[in-house]
Amino acid sequence: MVAQYPDTYEAKTQEIAKQLLAATQEKKRSLFGQLQDQMRFDDKLMDWAMSNPGLRVQLFHFIDCLPALRSKPEIAAHLQEYLTTEAVELPDVLKKLLNFANPDSLPGQLAATTVAPAVETLAQKYIAGANIPKVIKTLEQLRKDKMAFTVDLLGEAVITETEAQSYLNNYLELMESLSDAAKKWSTIPQIDEADGQPIPKVQVSVKLTAFYSQFDPLDAKGSEEKVGERIRILLRRAKELGAAVHFDMEQYAYKDLTFSILKNLLMEEEFRSRTDIGMTVQAYLRESQKDLEGIIEWVKLRGYPVSVRLVKGAYWDQETIKSMQNDWPQPVYNDKAATDANFERLTQLMLENHQYIYSAIGSHNVRSQARAIAIAETLNVPRRAFEMQVLYGMGDQLAKALVQKGYRVRMYCPYGDLLPGMSYLIRRLLENTANSSFVRQSSENRPVEELLSAPKDNPNSNIFETWKPVFPNSADTDFSNAALRDKGLRALEMVRQQLGQTYQPLINGQYINTAQMIDSLNPSNPSEIVGKVGLISVEQAETAIQAAKAAFPAWRHTPVRQRAGVLRKAAELFEQRRAELCAWMAFEVGKPLHQGDAEVSEAIDFCRYYADEMERLDQGYQYDTAGETNRYNYQPRGISVIISPWNFPLAIPVGMTVASLVTGNCTLLKPAEVSSVIAAKITEVLVEAGIPAGVFQFVPGKGSTVGSYMVQHPDVHMITFTGSQEVGCRIYAEAALLKPGQKHLKRVIAEMGGKNAIIVDESADLDQAVAGVVYSAFGYTGQKCSACSRVVVLEPVYEAFVKRLTEAVRSLNVGNAVLPSTQVGPVIDANAQQKIKEYIEIGKQEAELAIQVAAPETGYFVGPTVFINVLPTAKIAQEEIFGPVLAVIKAQNFEEALDIANGTNFALTGGLYSRTPSHIKKAKAEFEVGNLYINRGITGAIVSRQPFGGFKLSGVGSKAGGPDYLLQFLEPRHITENIQRQGFAPIEGVE
Numbered sequence: 003m004v005a006q007y008p009d010t011y012e013a014k015t016q017e018i019a020k021q022l023l024a025a026t027q028e029k030k031r032s033l034f035g036q037l038q039d040q041m042r043f044d045d046k047l048m049d050w051a052m053s054n055p056g057l058r059v060q061l062f063h064f065i066d067c068l069p070a071l072r073s074k075p076e077i078a079a080h081l082q083e084y085l086t087t088e089a090v091e092l093p094d095v096l097k098k099l100l101n102f103a104n105p106d107s108l109p110g111q112l113a114a115t116t117v118a119p120a121v122e123t124l125a126q127k128y129i130a131g132a133n134i135p136k137v138i139k140t141l142e143q144l145r146k147d148k149m150a151f152t153v154d155l156l157g158e159a160v161i162t163e164t165e166a167q168s169y170l171n172n173y174l175e176l177m178e179s180l181s182d183a184a185k186k187w188s189t190i191p192q193i194d195e196a197d198g199q200p201i202p203k204v205q206v207s208v209k210l211t212a213f214y215s216q217f218d219p220l221d222a223k224g225s226e227e228k229v230g231e232r233i234r235i236l237l238r239r240a241k242e243l244g245a246a247v248h249f250d251m252e253q254y255a256y257k258d259l260t261f262s263i264l265k266n267l268l269m270e271e272e273f274r275s276r277t278d279i280g281m282t283v284q285a286y287l288r289e290s291q292k293d294l295e296g297i298i299e300w301v302k303l304r305g306y307p308v309s310v311r312l313v314k315g316a317y318w319d320q321e322t323i324k325s326m327q328n329d330w331p332q333p334v335y336n337d338k339a340a341t342d343a344n345f346e347r348l349t350q351l352m353l354e355n356h357q358y359i360y361s362a363i364g365s366h367n368v369r370s371q372a373r374a375i376a377i378a379e380t381l382n383v384p385r386r387a388f389e390m391q392v393l394y395g396m397g398d399q400l401a402k403a404l405v406q407k408g409y410r411v412r413m414y415c416p417y418g419d420l421l422p423g424m425s426y427l428i429r430r431l432l433e434n435t436a437n438s439s440f441v442r443q444s445s446e447n448r449p450v451e452e453l454l455s456a457p458k459d460n461p462n463s464n465i466f467e468t469w470k471p472v473f474p475n476s477a478d479t480d481f482s483n484a485a486l487r488d489k490g491l492r493a494l495e496m497v498r499q500q501l502g503q504t505y506q507p508l509i510n511g512q513y514i515n516t517a518q519m520i521d522s523l524n525p526s527n528p529s530e531i532v533g534k535v536g537l538i539s540v541e542q543a544e545t546a547i548q549a550a551k552a553a554f555p556a557w558r559h560t561p562v563r564q565r566a567g568v569l570r571k572a573a574e575l576f577e578q579r580r581a582e583l584c585a586w587m588a589f590e591v592g593k594p595l596h597q598g599d600a601e602v603s604e605a606i607d608f609c610r611y612y613a614d615e616m617e618r619l620d621q622g623y624q625y626d627t628a629g630e631t632n633r634y635n636y637q638p639r640g641i642s643v644i645i646s647p648w649n650f651p652l653a654i655p656v657g658m659t660v661a662s663l664v665t666g667n668c669t670l671l672k673p674a675e676v677s678s679v680i681a682a683k684i685t686e687v688l689v690e691a692g693i694p695a696g697v698f699q700f701v702p703g704k705g706s707t708v709g710s711y712m713v714q715h716p717d718v719h720m721i722t723f724t725g726s727q728e729v730g731c732r733i734y735a736e737a738a739l740l741k742p743g744q745k746h747l748k749r750v751i752a753e754m755g756g757k758n759a760i761i762v763d764e765s766a767d768l769d770q771a772v773a774g775v776v777y778s779a780f781g782y783t784g785q786k787c788s789a790c791s792r793v794v795v796l797e798p799v800y801e802a803f804v805k806r807l808t809e810a811v812r813s814l815n816v817g818n819a820v821l822p823s824t825q826v827g828p829v830i831d832a833n834a835q836q837k838i839k840e841y842i843e844i845g846k847q848e849a850e851l852a853i854q855v856a857a858p859e860t861g862y863f864v865g866p867t868v869f870i871n872v873l874p875t876a877k878i879a880q881e882e883i884f885g886p887v888l889a890v891i892k893a894q895n896f897e898e899a900l901d902i903a904n905g906t907n908f909a910l911t912g913g914l915y916s917r918t919p920s921h922i923k924k925a926k927a928e929f930e931v932g933n934l935y936i937n938r939g940i941t942g943a944i945v946s947r948q949p950f951g952g953f954k955l956s957g958v959g960s961k962a963g964g965p966d967y968l969l970q971f972l973e974p975r976h977i978t979e980n981i982q983r984q985g986f987a988p989i990e991g992v993e
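When you read off a place in the sequence shown, starting at 1, and then add 2, the result is the number in my numbering.
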């Protein structure tokens with residue numbers, strides 16, 4: 003299908019490219035021929051950034067922060083903080099400018115008044131106007147230069163439904179204003195007509211995800227319904243006004259759903275014949291050729307052409323980092339040349355199918371545009387089916403050269419305020435200053451042959467292949483993948499067919515009958531029985547302990563490699579049953595699918611990480627000296643009781659249990675009663691993985707009787723508990739009592755919750771902060787010990803934060819956990835529901851209710867609730883609520899915010915949203931939490947990367963998933979042997 007005329011294309015490409023390059027460089031020389039010291043300050047900033055990697059990073063961090071700064075002293079202070087780090091080698095001019103003792107000094111003011119306007123000037127190079135009147139002036143100037151346009155409204159994050167509706171309204175207003183202005187414009191044949199057909203003078207570019215704040219590939223159907231309603235309104239109005247609409251492509255995670263929504267919508271009778279609509283393909287994606295071929299085949303079925311904008315892609319850094327963090331395959335080409343080569347392949351594929359699609363070639367690379375022209379001319383592609391596109395401020399000279407050659411050129415023109423425009427500006431600066439950027443390379447006077455040579459295609463190269471994580475974590479499911487998404491949804495239906503079965507305890511390798519049974523209920527629908535669970539008696543608990551005691555000698559002497567092998571086998575089985583286990587969590591504890599999926603990954607990681615760690619510890623330590631060997635090693639403690647919670651019904655019991663097992667302890671798992679079915683599934687996996695009889699036993703039972711009996715039993719050596727402070731303290735006290743016949747002191751590991759705070763300071767990115775607080779507070783209905791229950795906001799941004807937070811919470815979908823649209827499911831049971839509601843009533847007396855989202859009446863639901871103007875000493879700000887209740891507290895300065903955050907009995911997790919380096923440094927030193935998260939949510943710790951656990955009344959013990967966690971399950975021993983015999987001792991290396 004591709005590469006019919008490679009030789010002809012290349013010769014013609016080189017000829018056209020040299021002409022274009024000569025034209026652009028001649029214009030650059032005339033524009034920038036002045037001396038370096040006469041350059042505008044914004045140009046100097048760019049030059050400095052290109053020549054100094056450390057300065058580039060810090061300067062871009064400062065630019066990102068700048069719109070949040072409200073005064074010259076603030077600007078000066080931040081500039082100083084960012085640009086005086088060791089990583090930055092400042093140019094002499096900037097050193098003189100930044101030579102100030104404090105932000106209030108005259109040089110500091112000078113820096114603020116020089117650099118800030120320079121950044122704004124820089125932004126204005128890439129942004130066509132702050133408002134519609136200014137944009138119209140810009141567009142009219144472009145039309146005088148015979149350039150068409152497409153206008154994009156800046157704004158990166160739509161996190162509320164109010165913002166989504168506003169986005170639609172703003173575009174309706176924009177189209178109307180541009181169309182009114184266009185009535186006065188005379189027709190320019192080069193851009194307004196082609197092959198006898200009129201081309202719309204007005205075109206806008208929109209982001210699909212901005213039409214629905216809860217856009218989520220997992221909820222493909224719901225997202226399509228919500229987005230479709232607003233797109234139809236937009237397209238209908240565009241038709242009335244005679245405007246064209248183009249749909250931009252964003253992050254990879256949204257790609258397949260975006261194409262699916264657009265294809266379905268544009269096949270509807272109302273829109274099927276429309277040819278003034280377009281979509282975008284990103285050449286840096288490895289799947290882009292498949293995507294483009296799919297569009298072409300779809301257009302053939304549709305019967306009417308659409309425009310396809312081909313771009314290289316603007317989110318390379320983000321996509322690369324995200325895939326590395328999630329242990330997913332890289333969706334982008336890691337080599338710039340591979341992207342360029344793919345861009346040329348796709349250009350050819352598009353132009354060879356000009357009878358089906360209109361091609362819009364978006365690039366600032368002279369060779370890329372020349373290649374497109376060469377193919378188009380060789381194939382005699384009609385002018386209506388082909389145009390060139392460049393970004394406003396980045397490809398101006400190339401655009402003018404293309405116009406002079408008679409081509410239709412369209413300028414992509416973002417407009418809007420500087421604040422939402424800053425992330426757009428950063429992307430443009432990253433492109434311009436990257437070593438591989440054609441814009442940069444062409445400014446460095448490189449040889450023409452080098453600039454215009456064909457890209458060397460190496461699609462399989464991976465610049466990160468030498469980067470190996472310390473521990474390779476299990477990858478969460480990528481629900482943007484339709485096959486994986488469907489697998490998850492099918493598992494829900496499969497598990498639904500298995501509800502109501504009976505699950506018995508496992509004692510000494512046998513499932514046993516019990517006198518007492520309980521029903522485990524679906525908290526989304528309490529009339530639905532998830533499973534019937536047998537509860538052991540005290541007598542059966544004694545039997546289990548004696549079985550463990552009998553099994554211990556053989557298990558403690560089982561080679562560590564063999565014990566670790568059981569864990570690795572269990573990890574494989576958990577991975578195989580991932581979708582099924584997620585479904586069980588949705589039904590039994592009301593955990594939405596994507597959150598259950600992360601828990602499966604954590605359970606797998608615990609198995610593999612602790613297997614690795616035990617093999618490391620098994621090597622022991624050698625401290626030999628002449629005539630003497632010294633060996634430091636470990637042995638298991640004995641019988642271990644695991645008392646696990648319901649809120650992480652898979653990951654936490656698996657982590658505690660396998661840590662105990664791999665260290666050689668015989669282990670009894672007593673799960674929370676309401677999550678016993680999931681614990682039974684853990685049992686199935688461990689048995690299949692090969693755990694011997696008596697070594698592991700599943701002992702569901704009443705905590706007040708059976709649990710207390712096992713905690714106090716003289717043969718039990720250690721108790722590992724996760725749950726409430728009240729129960730944890732009771733266990734700690736009971737375990738401390740020395741019973742008759744007991745020859746050891748019991749080890750207790752207890753994780754007992756938190757009252758976690760996130761601080762939002764005046765420099766924070768509010769898009770990030772609001773989204774992060776909402777997810778941290780209301781993910782899994784706030785039923786996480788790590789959940790954010792307090793947010794401390796500095797006074798300058800308090801009102802703006804509260805306004806967006808309230809609307810973001812209002813936009814959350816509350817409902818049955820098995821529905822893919824649900825973000826907030828039920829609380830665990832009627833008791834929890836009642837207790838949380840009581841705290842909400844207390845909150846209404848203590849503070850001001852900002853919002854309480856309506857919740858379904860059937861099921862144990864509590865709608866997300868936010869209180870504002872909360873006093874730091876209020877009950878709702880001090881006591882753990884364990885539900886979807888958030889207290890918002892105002893602080894006057896950062897020191898007060900830190901005092902408020904530290905002002906509870908807990909010290910588990912905490913967070914900070916800030917772009918002020920000194921605040922970040924102070925939080926690292928003084929924020930009293932076991933896990934501190936900066937500029938991200940505070941839930942979702944990952945094994946090895948983020949070992950989890952707190953101090954104060956949040957618990958006692960080492961961090962789960964960390965390098966010293968297994969030591970708690972082991973007794974250290976040291977053996978010294980004198981190896982001298984009659985004055986003789988072997989000395990290594992001496993004969």
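The C-beta atom is built at its ideal place from N, Cα and C for all residues, glycine as well.
So, is residue i buried or exposed, given that buried needs 16 or more other C-beta atoms within 10 angstroms?
i: Tyr-335; result: buried
i: Thr-941; result: buried
i: Cys-731; result: exposed
i: Val-472; result: exposed
i: Asp-626; result: exposed
i: Trp-2; result: A query on residue 2 cannot be resolved here, the shown segment of the chain reaching from 3 to 993 and no further.
Rank the options by C-alpha distance to the C-alpha of residue i and give the top, closest one.
i: Glu-88; options: Gly-56, Val-117, Ala-70, Pro-866; result: Gly-56
i: Ala-857; options: Val-829, Pro-988, Ala-849; result: Val-829
i: Glu-850; options: Thr-808, Gln-825, Val-826; result: Thr-808
i: Pro-561; options: Asn-667, Lys-314, Ala-735, Ser-788; result: Asn-667
i: Tyr-611; options: Ala-546, Lys-127, Ala-661; result: Ala-661
i: Ala-909; options: Ala-943, Phe-953, Asn-815, Pro-866; result: Phe-953
Residue i to residue j, Cα distance in whole Å?
i: Ala-374; j: Gln-350; result: 7 Å
i: Gly-951; j: Val-392; result: 51 Å
i: Thr-824; j: Pro-594; result: 7 Å
i: Val-160; j: Met-251; result: 15 Å
i: Lys-837; j: Ile-878; result: 12 Å
i: Ile-981; j: Asp-599; result: 55 Å
i: Lys-489; j: Glu-295; result: 26 Å
i: Ala-285; j: Phe-249; result: 16 Å
In this structure, does DSSP put residue i in helix, strand or coil?
i: Gln-982; result: coil
i: Met-390; result: strand
i: Arg-938; result: coil
i: Arg-639; result: coil
i: Ser-678; result: helix
i: Glu-195; result: strand
i: Gly-963; result: coil
i: Cys-584; result: helix
Report back the beta-carbon spacing between residue i and residue j to the nearest angstrom; my notes put them in contact at under 8 Å.
i: Phe-576; j: Leu-583; result: 7 Å
i: Val-540; j: Thr-707; result: 6 Å
i: Ile-922; j: Val-887; result: Contact flag wrong, Cβ pair sits at about 28 Å.
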